[in-house]
Amino acid sequence: MVFGQLQVNLKFYTNSVTLPILYNIFEKFLCKQNVCSSLSENGFKEHTDSRSGSEMQDEPLLRVNPRRFVVFPIQYPDIWRMYKQAQASFWTVEEVDLSKDLAHWDCLKPEEKHFISHVLAFFAASDGIVNENLVQRFSQEVQLPEARSFYSFQILIETIHSEMYSMLINTYIRDLKERDYLFNAVQTMSCVRRKADWALQWINDNKSTFGERLVAFAAVEGVFFSGSFAAIYWLKKRGLMPGLTHSNELISRDEGLHCNFACLLYSYLVNKPSEERVKDIITKAVCIEQEFLTDALPVDLIGINCSLMKQYIEFVADRLLTDLGLAKVYKAENPFDFMESISLEGKTNFFEKRVAEYQRFGVMSNMMDGEFTLDADF
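Start counting the sequence shown at 1; every next residue gets the next number (full-length UniProt numbering).
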């Protein structure tokens with residue numbers, strides 16, 4: 001129908017100088033139609049910017065910034081500092097030695113293997129979901145070059161996390177059917193699917209504000225990950241699986257920094273979600289995580305059980321609320337003494353060691369290069 005109408009209308013301009021222009025427009029229109037049709041057939045949806053004009057104008061983070069393509073002069077030194085911290089913490093899977101893990105894995109009890117398998121199954125997919133949000137939403141919406149620098153590095157490190165978890169499953173799980181089951185946990189395991197669905201709904205949400213979605217993904221990295229990190233640290237306390245526990249230290253430190261970054265950006269929001277709304281988002285994440293732990297930890301293990309894990313999740317949620325400048329909901333105590341020194345804040349000996357190593361290359365030795373321009377007039 002559209003083709004016919006355009007064809008008829010074009011006849012009126014046969015001798016006009018506008019004919020080439022009209023044909024060019026028509027050609028581009030058909031091209032777009034074909035591309036959109038092809039994408040739709042393959043399950044892709046064209047993403048539209050959900051930010052309202054008022055939200056973009058009111059929020060400095062989201063306001064269109066013609067200088068976003070150039071990093072200097074640094075206008076947000078605290079955001080830039082977090083990017084440099086992330087850069088100084090870079091690692092690769094080749095640094096993790098898994099040579100002793102398999103013997104330890106074979107000695108674990110069936111219920112312990114069940115628990116750790118569930119944890120790894122969720123982790124294998126979770127970093128990909130976080131990256132989906134960063135690529136599709138946050139890195140496009142946030143206009144500050146300092147924040148975009150952090151997001152670009154986070155995308156890289158989340159990919160390394162995903163590679164690490166896939167390698168762990170590949171190493172420990174020798175049965176191919178079970179391995180495939182874990183790799184496809186978003187489809188095969190209902191407790192993992194609930195967590196994934198909750199995170200994915202925020203990526204596709206075109207009604208919630210940026211602030212609400214920022215809180216939601218802070219909950220993904222701060223609440224959804226915390227119980228699983230604690231489970232692996234529990235193995236470390238017992239002197240088991242050094243490769244897995246070392247990678248857990250690296251990843252939990254990274255995710256702690258990512259969560260802190262979300263809280264930092266939140267502090268810059270002019271129009272923050274209401275306290276009631278923030279608490280609603282975080283408490284829902286807590287409920288989903290507690291359901292996951294009930295499925296993953298069906299029996300009590302020495303030093304760790306479902307009740308203690310649920311309490312730990314509430315403790316972590318309270319800490320996140322505090323970091324967002326809000327009052328605690330649960331007022332829970334940390335039930336795990338082995339987690340006292342390794343919280344999501346990422347304060348590990350590795351970080352201090354890695355910063356020292358990177359001094360040779362100048363990373364973080366002068367994080368604020370260009371500081372003399374911070375007071376420049378724009």
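C-beta atoms are modelled at their ideal positions from N, C-alpha and C, and glycine is treated no differently.
Treat the numbers as computed from the prediction; the structure is a model and nothing was measured.
- When secondary structure is reduced to three states using DSSP, I74 falls in the coil class, being assigned neither helix nor strand.
- Of all alpha-carbon atoms in F69, E291, A332, the one lying nearest the alpha-carbon of C191 is that of E291.
- By the neighbour-count criterion, in which 16 or more other beta carbons inside 10 Å mark a residue as buried, C107 falls on the exposed side.
- Taking the Cα of A86 as reference, the smallest distance to any Cα among L250, R213, Y266 is reached at L250.
- In this chain, the alpha helix (DSSP H) harbouring V215 covers 210-219.
- A straight-line Cα-Cα distance of about 28 Å links V329 and E59.
- If you draw a 10 Å sphere on the C-beta of Q201, you find fewer than 16 other C-beta atoms in it, and that means exposed.
- Non-local C-beta neighbours of C306 in its own chain, meaning closer than 7 Å and more than five positions away in sequence, comprise L293, T294, L297, ordered along the chain.
- E95 counts as exposed, since fewer than 16 other C-beta atoms from the protein chains shown sit within 10 angstroms of its C-beta.
- Taken atom to atom, the span from the alpha-carbon of A262 to that of W234 is near 27 Å.
- Taking the CA atoms as reference points, A230 sits about 35 Å from L62.
- Within 10 angstroms of the beta-carbon of N133 lie 16 or more other beta-carbons, which makes it buried.
- Counting C-beta pairs closer than 8 Å gives three or more between the region 210-229 and the region 260-275, which meets the contact rule.
- Residue environment for S267: exposed (fewer than 16 other C-beta atoms within 10 angstroms of its C-beta).
- Taking C-alpha positions only, I304 is separated from V278 by approximately 30 Å.
- Rounded to the nearest angstrom, the gap between the Cα atoms of Y151 and S139 is 6 Å.
- Residues V93 of the same chain have their beta carbon placed closer than 7 Å to that of M167, with the five preceding and five following residues left out of the count.
- Setting aside the 5 residues that flank it on each side, N184 has no residue in the same chain whose C-beta is closer than 6 Å to its C-beta.
- Residues N131, L134 of the same chain have their beta carbon placed closer than 6 Å to that of I155, with the five preceding and five following residues left out of the count.
- Selection W80, W91, L320, R68 evaluated against I160 yields W91 as nearest (Cα-Cα).
- Closest in alpha carbon position to E314, among I288, G325, L144, is I288.
- By the 16-neighbour rule on beta-carbons within 10 angstroms, G227 is buried.
- If only uninterrupted alpha helix (DSSP H) runs of at least 4 residues are considered, those enclosed by the region 68-144 are 77-88, 101-107, 110-133.
- Distance between S208 and T283, taken at the CA atoms: about 17 Å.
- In the DSSP assignment, A327 falls outside any alpha helix (DSSP H), carrying neither H nor E.
- If the five residues before and after W105 are omitted, its C-beta is found closer than 6 Å to the C-beta atoms of Y172, all from its own chain and listed in chain order.
- In this structure, L120 keeps its C-beta atom at 8 Å or more from the C-beta atom of I157.
- Assigned with DSSP and collapsed to three states, I173 falls in coil, not helix or strand.
- Inter-residue distance for L102 and M241 is about 8 Å (C-alpha atoms, whole angstroms).
- Shown here for E163: same chain residues with a beta carbon closer than 7 Å to its own, the five before and five after excluded, namely V93 in chain order.
- With contacts defined as CB atoms closer than 8 Å, G243 and D127 fail to qualify as a contacting pair.
- Rounded to the nearest angstrom, the Cβ distance from R194 to D205 is 17 Å, too far for a contact under 8 Å.
- In the DSSP assignment, N260 falls within the alpha helix (DSSP H) that extends over 242-268.
- Each residue's CA atom was taken as its position, placing S274 and K310 some 26 Å apart.
- Going by C-alpha positions, D254 is about 11 Å away from F153.
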